[in-house]
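**Q**
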Amino acid sequence: MSNQLPMERLGDETSSTGGIADNAVDGRSKRLVYITGRHKYCSNAITTAKYNLVTFVPKFLFEQFHRYSNIFFLFIALMQQIPNVSPTGRFTTAIPLFFILTVSAIKEAFEDIKRHRADRGVNSSLVLVLNKFTSQWDWKHWQQIQVGDIVKITNDQFFPSDLFLLASSEPNGMCYIETANLDGETNLKIRHSLKETTHCLNSEQLVSDLSLASIQCDPPNRHLYEFHGNLKLNELVYAIAPENILLRGAKLRNTNWVFGCVIYTGHETKLMMNSSVQAPIKRSNVEKITNKQTILLFAILLFICIISATASYIWKKQNQDHWYLWGLDDKLSSNYFFVLLTFIILYNNLIPISLQVTLEMVRFIQASFINADIEMYCEETDTPAMARTSNLNEELGQVKYILSDKTGTLTRNVMEFKKCSIAGQVYTEYDFKNLIERMKSNQSDAYYIKEFLTLLSVCQTVVPEVVPNETTNDGKPLIRYQGASPDEAALVRGAQQIGFEFTARTPQYVFINALGTEEKYEILNVLDFTSDRKRMSTIVRTPEGKIKLYIKGADSMIYDRLAETSLFGDITERHLSNFASEGLRTLCCAVVDIEENTYQEWNKRYTESQIMDSGPNGMSKEQYINEVMAKIENNLRLVGSTAIEDKLQDGVPETIDTLLKAGIHIWVLTGDKQETAINIGHSCKLLQTGMLHIVIDDDSLDNTRDSLNEAHNQLKDAQREVAFIIDGKTLNFAMTPELRQLFMEMALKCKSVICCRVSPAQKAEIVEAVKKSTKSITLAIGDGANDVAMIRAANVGVGISGQEGLQAVHSSDYAIAQFRFLSRLLLVHGSWSMFRLCKLILYSFYKNIALYILELWFASVSAWSGQAAFDRWSLSLYNVIFTAAPPVVIGLFDRQCSAETMIKYPALYKTHNENFNVRLFWTWIMSGVWHSLLLFWLTYFTVQNDTLWQHGRADGGYLVFGNMLFTYTVITVCLKAGLEISSWTWVTHLAIWGSIVMWFIFLIIYSRIWQLLHIVGADMSGIDQMIFSSGIFWFGIAIIPLSALLIDISYKLISRTCFKTLTDQIIEMELANSPSQQSMLLETARMFKNVFHRKRDKSKDDRVRHRQEVELDLQHGYAFSQEEHGAVPQSKLIRVYDTTRSKPSGI
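Numbering-wise, the sequence shown is residues 1 to 1147 according to this note's numbering.
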């Protein structure tokens, strides 16, 4: 009856055990769930796709017409339908626009189908659901689960929805869960059922005892660590706390099975509500800049059209006496608008309509290059890289900030016992066998070795479990260790491998097999680990009847409690520093013998402290308990130290070092503890020796403000690189409107930033803050469902595949198997894509400007009549055939340096902002205008002043002039492409020269179509013979294009000779096959010195002492992961286990 409540307390917000507040969340009504009932709430199917069959067309068109160029071309296509207005035909814009939209739609549909396929994989996962009519377990897909269903989850399965825990295979309805997908924490957490449902251990009991039970709770909300609800059972109401809830995205660990009732499904689960479920429509920065410049270009086009229409009006006004203009004087005013439309249509291709379809095609193929890159293929998991979208390829080449998860992204979440120091002697994993030999031979350190191994086997809270039907290599039953701390499990496994095997646990005893001899230790007390204590102790009665206290923890805590006679302190401290420099997590180990009467007196005081409401002298209960525990943890004998490796993903330190050299700032956002995050920061070289480290972990707005101001002043005076570490609670205050700007200013000045214990929503908030403050491209990378929000918030989201749970991958823009592939994704594919697409966009605008400004010059000599200088089919095919290949080749195959060079010289990555900006855009535009000016007037004066043919005829009509000009323009723009291409291959040659040849072939064929078929081209009949028979034409081919390109050629020669950039220098080195420069020696030390730590809730002396302890701990690599203040304290947890008994089957 401990948490039994009277009926009238249903919804009492004062209930400390989690009753529902009077005001429901967001004003919505409370949810009522009948256990084993079926409720029509949200479907459990989830989707991360952008479209469905109903929304595809409207959403796609909405996205496409965000591009102002498409709006403009739609307007032109409509205007062309007005009779006698278009000088270029009715469908010369509509058909290409339709083709562009169709190609884009196919690409978008193809990419979204992949997202739907991934979603179907998740939704089709199987789970056991109770059939209340037959009392049998039926297999159902996740998407078929409904609120009220009872499901059975087995070990290592993910929870398909948010569940209310009913019972489990463990004592008292407890279970272990892994929440790395939710909060990034590596340690396992404990959840338990209400004792009123714990007895339901099979399907019959569930149906008979709970079929009339109901749950009333808050409506769906995004608060991961809050739950308010009540269970109504047999007319009594029991409060439900967050410790009774299992969230979607978490995973059942070290527990055979659990039963749970579904309370939230699908997009109403807390995980999905934290993931900003709606997939955002992302557009690249290059596309945004292009969009803005397109508007300005359209304004210029409109201005030119107004000038042309006005000039036409003036010319007609001044030339009304010409006989062929008689009768037009009364229609001048009414015709002005139609003349304006004529010029708009004539000049409309100043904005290249072919650009979008070329971009879509090139991006799609670039994405296939990423997918097919064997260098980013993970053989271990059989996972290639995957571009889930191709619209952001160029964004990969201009990333300034990477915001990374830790667990599963930088680390493998695998702990291994690698080294130890015992009695001043270091042993590696390869020397562990020597420990037993030294102990057996009764060496001087035999006592310490035995105590060390006993400590590892006894001073822990893990639970051994014999794996059915599995044995070790020597035929013994295979034992699996389950525990909330991965560090402890690693140490127990290490002792097992050495020869001290922890075999069984009962509420009062632990059993170990010490070198073949079974030993039984009575567990008298377990003094739990907390982040304040930084240690845990176990008081045992040995088989000999002696009482001993075994303790392990941070060296700052252990050394202060050593007896004066304790040995090996200095040398062990040196060993700790050495372990820390290798990136290992360390713990100090010690032991003390306790007299019987001393223990009894202390135990009496300790038992009394457990039942007190508060401590004496104004102390809190927790403070008093800690003080009592410290009394027995004194006069310790140092035994040694342990060194555990929190294994990084392959190549993480090298990758981070490369990315930092590329000028990219890296922030780590993790839900894990501060010590663990900092330890990994050193291991992966994000934090380095010599850096100033500022750690802030305040618990109020005022203290946070003071700390930030003090840190900001410290930062101003810093003469070295700075790392900034902040925890999630402090971050809540730092991200308030009052402090956000100060916090961001400080964080952005630091070399590295680590945010600890942050929620998924905080991760996304930080990403948004960085985007807003820096206006730079951000990339978020993670592997868990807790990373989805920040992946979607960033400009580019990267998911780590091949890990447990693929929610991050399904929501990402790009997926890679391991973090180490990120350097190649950015430095190679990102750089190449940025370089290629920027040049493609610039060239596409240039070539259209170069051609269509010719129409302006032609209008000036043709009475501003709106007459096109070229045949309509020549104009239509200009972008489709004659100049289509060069931009495609640029977009797919051009590159400045090889992949190996891009990786070897990461500083090249910093230069990509030079590839595209407003100044460069208008430089290319002006280059197109200049070329058109030279091409037109050189050709015009040549035709005007020279005899075209030997027989003396000088004029073959405007189409002779137009086709000569068109020929020179095609040659010029193709040679311009060749001039800008950095990497010449046979494909490049084919594209450049092939495009020119295609124009000549077209001209020959088109000039004969009318003669053969009488379909089209009457005006062009015989034009090829007229042009090709002119010596002036051939002379112009040799002179005019070269004259137009003379400035470009001169600029290239001078800049690459006299003003070499870093890129130019490296290109020359690569071409000359120069030996690569020696790589700099990289420090692997991770000692954490000069920590500037502030915590305002302590007195000045306490803060100084606390700072010294933190500095010492971090120098020596202390880190220990275990759930604090969990649902069940570890000291009580081990008292309910009896591994000598079999567990219920749960059938």
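Note that beta-carbon positions come from the ideal geometry of N, C-alpha and C, so glycine has one too.
Please identify the residue among Ile666, His141, Thr670 whose C-alpha is closest to the C-alpha of lysine 685.
**A** By 1-based counting over the sequence shown, the position of residue 685 is 685. It is Ile666 whose Cα lies nearest to the Cα of lysine 685.
**Q** Take proline 1144 and list the residues in its own chain whose beta-carbon comes closer than 8 Å to its own, dropping the five residues that flank it on each side.
**A** The residue you call residue 1144 lines up with position 1144 of the sequence shown. Answer for proline 1144: Ser169, Leu201, Asn202, listed in chain order.
**Q** Note down, in chain order, each residue of its chain lying with its Cβ closer than 6 Å to the Cβ of alanine 118, except the 5 sequence neighbours on either side.
**A** Here residue 118 corresponds to residue number 118 of the sequence shown, with the count starting at 1. Only His810 meet the Cβ criterion.
**Q** How would you write the range of the beta strand (DSSP E) that methionine 174 sits in, first residue to last?
**A** For the purposes of this step, residue 174 is taken as the residue at position 174 of the sequence shown. Run containing methionine 174: 174 to 178, per the beta strand (DSSP E) assignment.
**Q** Taking the alpha-carbon of serine 927 as reference, which of Gln944, Leu1046, Val888 has the nearest alpha-carbon?
**A** Residue mapping note: residue 927 aligns to position 927 of the sequence shown, counting from 1. Out of Gln944, Leu1046, Val888, Leu1046 has the C-alpha closest to the C-alpha of serine 927.
**Q** What number of angstroms, rounded off, separates the C-alpha of phenylalanine 298 from the C-alpha of glutamine 146?
**A** For the purposes of this step, residue 298 is taken as the residue at position 298 of the sequence shown. For the purposes of this step, residue 146 is taken as the residue at position 146 of the sequence shown. Each residue's Cα considered, the two are about 54 Å apart.
**Q** Does DSSP put alanine 21 in a helix, a strand or coil?
**A** Locating residue 21 in the sequence shown gives position 21, where the first residue counts as 1. Bear in mind that the predicted position of alanine 21 carries a pLDDT of just 36, short of 50, making it unreliable; the figure below should be weighed with that in mind. In this structure, alanine 21 counts as coil in the three-state DSSP scheme.
**Q** Asparagine 525 lies in the alpha helix (DSSP H); which residues open and close that run?
**A** Position 525 of the sequence shown holds residue 525. Asparagine 525 -> not in any alpha helix (DSSP H); beta strand (DSSP E) instead, spanning 517 to 527.
**Q** Quick check on the DSSP output: the beta strand (DSSP E) that includes glutamine 425 runs from which residue to which?
**A** Translated into positions along the sequence shown, residue 425 becomes position 425. Looking at the DSSP string, the run of the beta strand (DSSP E) that includes glutamine 425 is 425 to 428.
**Q** Kindly confirm or deny that the region 722 to 734 and the region 619 to 637 touch, where touching means at least three C-beta pairs closer than 8 Å.
**A** As far as the Cβ criterion goes, the region 722 to 734 does not touch the region 619 to 637, which means the pair count is below three.
**Q** Considering only C-alpha positions, which residue in the set Met415, Gly784, Phe966 is nearest to glutamate 855?
**A** By 1-based counting over the sequence shown, the position of residue 855 is 855. Minimum Cα distance to glutamate 855 is reached at Phe966.
**Q** State yes or no: is the C-beta of leucine 163 within less than 8 Å of the C-beta of threonine 36?
**A** Here the question's residue 163 lines up with position 163 in the sequence shown. Here the question's residue 36 lines up with position 36 in the sequence shown. Not a contact, by the Cβ cut-off of 8 Å.
**Q** In three-state DSSP terms, what is proline 468?
**A** Along the sequence shown, read from residue 1 onward, the residue named residue 468 stands at position 468. Proline 468 falls in the strand class under three-state DSSP.
**Q** Tell me the residue span of the alpha helix (DSSP H) that contains asparagine 963.
**A** Taking the sequence shown and counting its residues from 1, one reaches residue 963 at position 963. Looking at the DSSP string, the run of the alpha helix (DSSP H) that includes asparagine 963 is 958 to 980.
**Q** Per DSSP, what kind of secondary structure is alanine 118 in: helix, strand or coil?
**A** The sequence position of residue 118 within the sequence shown is 118, counting from 1. Here alanine 118 sits in helix by DSSP.
**Q** Rounded to the nearest angstrom, what separates glycine 1146 and lysine 546 at their Cα positions?
**A** As a position in the sequence shown, residue 1146 is number 1146, starting the count at 1. As a position in the sequence shown, residue 546 is number 546, starting the count at 1. Going from the Cα of glycine 1146 to the Cα of lysine 546 covers about 41 Å.
**Q** Give a yes or no on contact between the region 429 to 449 and the region 462 to 471, applying the rule of three or more CB pairs nearer than 8 Å.
**A** no
**Q** Might you give, ordered along the chain, the residues of its own chain that have their beta carbon closer than 7 Å to the beta carbon of isoleucine 365, omitting 5 neighbours on each side?
**A** On the sequence shown, position 365 is the one that residue 365 refers to. These residues qualify, in order along the chain: Leu892.
**Q** Could you tell me which residues DSSP puts in a beta bridge with leucine 403?
**A** For the purposes of this step, residue 403 is taken as residue 403 along the sequence shown, with counting starting at 1. Answer is Trp667, Ala780, bridged to leucine 403.
**Q** Starting from the C-beta of serine 457, find all residues in its chain whose C-beta is less than 7 Å away, skip the five residues before and the five after it, and write them out in chain order.
**A** For the purposes of this step, residue 457 is identified with residue 457 of the sequence shown, where counting begins at 1. Within the same chain, serine 457 has close Cβ partners Val492, Ala495, Phe500, Phe502, Ile512.
**Q** Cutting at 8 Å between CB atoms, please list the residues of its own chain near leucine 708, excluding the five before and the five after it.
**A** Your numbering for residue 708 matches position 708 in the sequence shown. Once the five neighbours on either side are set aside, the close Cβ partners of leucine 708 are Ile696, Ala734, Leu739, Leu742, Phe743, Met746.
**Q** Going by DSSP, what residue range makes up the alpha helix (DSSP H) through methionine 557?
**A** One-based indexing of the sequence shown puts residue 557 at position 557. Where methionine 557 is concerned, the enclosing alpha helix (DSSP H) stretches over 555 to 559.
**Q** Relative to the C-alpha of asparagine 131, which candidate in Lys114, Arg115, Lys152 has its C-alpha closest?
**A** By 1-based counting over the sequence shown, the position of residue 131 is 131. Nearest of Lys114, Arg115, Lys152 to asparagine 131, Cα basis: Lys152.
**Q** For the 8 Å Cβ check, are there 3 or more pairs between the region 931 to 940 and the region 1039 to 1057?
**A** yes
**Q** Can you tell me whether tyrosine 264 is buried or exposed, with buried defined as 16 or more other CB within 10 angstroms of its CB?
**A** Here residue 264 corresponds to residue number 264 of the sequence shown, with the count starting at 1. With 16 or more other Cβ atoms within 10 Å, it is buried.
**Q** Out of curiosity, what's the CA-to-CA distance linking arginine 115 and alanine 45?
**A** Indexing the sequence shown from 1 puts residue 115 at position 115. Indexing the sequence shown from 1 puts residue 45 at position 45. Cα to Cα, the separation comes out at about 14 Å.
**Q** Roughly how many angstroms lie between the CA atoms of glycine 663 and arginine 836, to the nearest whole one?
**A** In the sequence shown, counting from the first residue as 1, residue 663 sits at position 663. In the sequence shown, counting from the first residue as 1, residue 836 sits at position 836. When rounded, the separation of the alpha-carbon atoms in glycine 663 and arginine 836 is 21 Å.
**Q** Pull up the CB-CB distance for leucine 934 and leucine 669, whole angstroms please, since I reckon it's below 8 Å.
**A** On the sequence shown, position 934 is the one that residue 934 refers to. On the sequence shown, position 669 is the one that residue 669 refers to. Wrong, their Cβ atoms sit about 55 Å apart, outside the cutoff.
**Q** Any idea what DSSP makes of phenylalanine 164, helix, strand or coil?
**A** As a position in the sequence shown, residue 164 is number 164, starting the count at 1. Strand at phenylalanine 164.
**Q** Spatial neighbours of asparagine 123 within its chain, please: CB distance less than 6 Å, with the 5 preceding and 5 following residues excluded, ordered by chain position.
**A** Walking along the sequence shown from the start, residue 123 turns up at place 123. Only Ala45, Trp142, Gln143 meet the Cβ criterion.
**Q** When you compare each of Pro543, Thr642, Asp487 to glutamate 518 by their alpha carbons, which one comes out closest?
**A** Sequence index remark: in the sequence shown, residue 518 carries index 518 (1-based). Nearest C-alpha to glutamate 518: Pro543.
**Q** Considering tyrosine 509, what are the terminal residues of the beta strand (DSSP E) in which it resides?
**A** Against the sequence shown, residue 509 aligns to sequence position 509. For tyrosine 509, the enclosing beta strand (DSSP E) covers residues 509 to 514.
**Q** Going straight from the alpha carbon of proline 906 to that of isoleucine 76, what length do you get?
**A** Stepping through the sequence shown from its first residue, residue 906 is reached at position 906. Stepping through the sequence shown from its first residue, residue 76 is reached at position 76. Distance between the alpha carbons of proline 906 and isoleucine 76 is about 45 Å.
**Q** Check proline 1075 in the structure and name its three-state DSSP category.
**A** What you label residue 1075 is simply residue 1075 of the sequence shown in a count that begins at 1. Note that proline 1075 has pLDDT 40, beneath the 50 cutoff, so the model's placement of it is unreliable and the number below is only indicative. In this structure, proline 1075 counts as coil in the three-state DSSP scheme.
**Q** Helix, strand or coil for isoleucine 644 per DSSP?
**A** On the sequence shown, position 644 is the one that residue 644 refers to. Correct three-state label for isoleucine 644: strand.
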